[in-house]
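Structure record follows, encoded as structure tokens.
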Amino acid sequence: MEQNKIPILSLKNIVTFVNRRTPSETMILKHLNLDVFDGDFITVLGSNGAGKSTLFNTIAGTLPPNSGQILHAGTDITGDSVEKRSRFLGRVFQDPKLGTAPRMTVAENLLLATKRGQHRTLALRQLKQNLPAFRQATASMNNGLSERINTATENLSGGQRQALSFLMATIRRPDVLLLDEHTAALDPNTSAQLMDQTNEKVLDQKLTCLMITHHLDDALKYGNRLIVLDDGQVKFDARGKEKDELTKEKLLSFFGNIA
């Protein structure tokens, strides 16, 4: 039973403000509680302003909570920096331009990602030794990325660049993967292809993943768990059989305007 397991990630009574100490100060997360267990693939829904991006920024450390506690495998990380959290956390953003170095090649970006969270030294790069593994990883995305392994990232298509961001986030298996609407900026065909590859890799590598999406079809199709954020709190949490039996109509009737 999950209640007898230690969550891989736990948010306890989290309060997060934005624009602190200004006239536009706003409480976004309002005593939010969430336990994420090893192997969970959670799709995250909510209307604009519900707190989805703030939730991810709070988990990643870019927006520390004003009160509450964040635990990683039972250890308090509430005060840990973004850099320290990067040792166990991977993230892919909505914008394909984020998360990659534009003037570095695909291979150089992947090499950089293998060093995520590690102490940097002046040791040789060892790029050539890693090329076979990088070619295999990029070939798994089935979008021509492996043929552009020596291409500067700024010259890739949006879909290829986002696929690279995904590979960079997962090349050193993270304990927790955050997908922040990572297919939203792509055309429908490219979005669907990347979503299929994402699902395959999450399942194959048994990754623990939270994925923000505005697409009800994707939220229902993927993952073992679905949560709805509203007014800074988790208002609905379906998993297992309950999640499998959800329909668009049930979701919309529960939380009217989330689409």
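The opening position of the sequence shown corresponds to residue 1 in UniProt numbering, with each subsequent residue numbered one higher. Note that CB positions come from ideal geometry on N, CA and C, so glycine has one too. Predicted model, so just to flag it, every value in this text is computed and none were measured.
Are residue i and residue j closer than 8 Å when you measure CB to CB?
i: threonine 16; j: asparagine 66; result: yes
i: leucine 156; j: phenylalanine 134; result: no
i: glycine 61; j: methionine 168; result: no
i: aspartate 180; j: glutamine 94; result: yes
i: valine 234; j: leucine 32; result: yes
i: glutamate 108; j: leucine 127; result: yes
i: threonine 43; j: glycine 223; result: yes
i: aspartate 35; j: proline 7; result: yes
i: leucine 178; j: leucine 210; result: yes
i: phenylalanine 88; j: proline 174; result: yes
i: threonine 105; j: asparagine 150; result: yes
i: leucine 207; j: lysine 248; result: no
i: phenylalanine 236; j: threonine 198; result: no
i: glutamate 212; j: lysine 30; result: Note that residue 212 is isoleucine in the sequence shown, not glutamate. For isoleucine 212 and lysine 30, no; Cβs fall outside 8 Å.
i: alanine 219; j: leucine 45; result: yes
i: glutamine 59; j: glycine 232; result: Per the sequence shown, residue 59 should be read as isoleucine rather than glutamine. No, the pair does not count as a contact, with Cβ atoms beyond the cut-off.
i: leucine 186; j: glutamine 162; result: yes
i: serine 229; j: lysine 243; result: The identity of residue 229 in the sequence shown is leucine, whereas the question assumes serine. Not in contact: leucine 229 and lysine 243 (Cβ atoms no closer than 8 Å).
i: residue 263; j: alanine 137; result: Outside the displayed range of the chain (1 to 259) lies residue 263, so it cannot be described from this structure.
i: threonine 54; j: valine 82; result: no
I need the DSSP call for residue i, collapsed to helix, strand or coil.
i: threonine 153; result: helix
i: leucine 11; result: strand
i: glycine 49; result: coil
i: arginine 161; result: helix
i: arginine 85; result: helix
i: leucine 122; result: Since pLDDT at leucine 122 reaches only 40, below the 50 mark, its modelled position is unreliable, and no value is offered.
i: isoleucine 59; result: helix
i: threonine 26; result: strand
i: aspartate 35; result: strand
i: aspartate 244; result: helix
i: aspartate 217; result: helix
i: arginine 148; result: helix
i: threonine 54; result: helix
i: leucine 167; result: helix
i: arginine 20; result: coil
Please report the residue range of the beta strand (DSSP E) in which residue i lies.
i: alanine 238; result: 233-239
Mind checking which residues open and close the alpha helix (DSSP H) that includes residue i?
i: aspartate 196; result: 188-204
i: arginine 135; result: 127-139
i: threonine 114; result: 106-114
i: lysine 250; result: 248-254
According to DSSP, residue i sits in a beta bridge with which residue or residues?
i: serine 67; result: Val15
i: arginine 91; result: Leu178
i: proline 72; result: Per the sequence shown, residue 72 should be read as histidine rather than proline. Leu9, Thr75.
i: residue 297; result: This structure does not reach residue 297, given that the chain is present from 1 up to 259, and the question cannot be answered.
i: aspartate 230; result: Gln233
Hey, does residue i have any beta-carbon neighbour from chain C nearer than 8 Å?
i: alanine 163; result: Absent here is chain C; the protein component of the structure consists of one chain.
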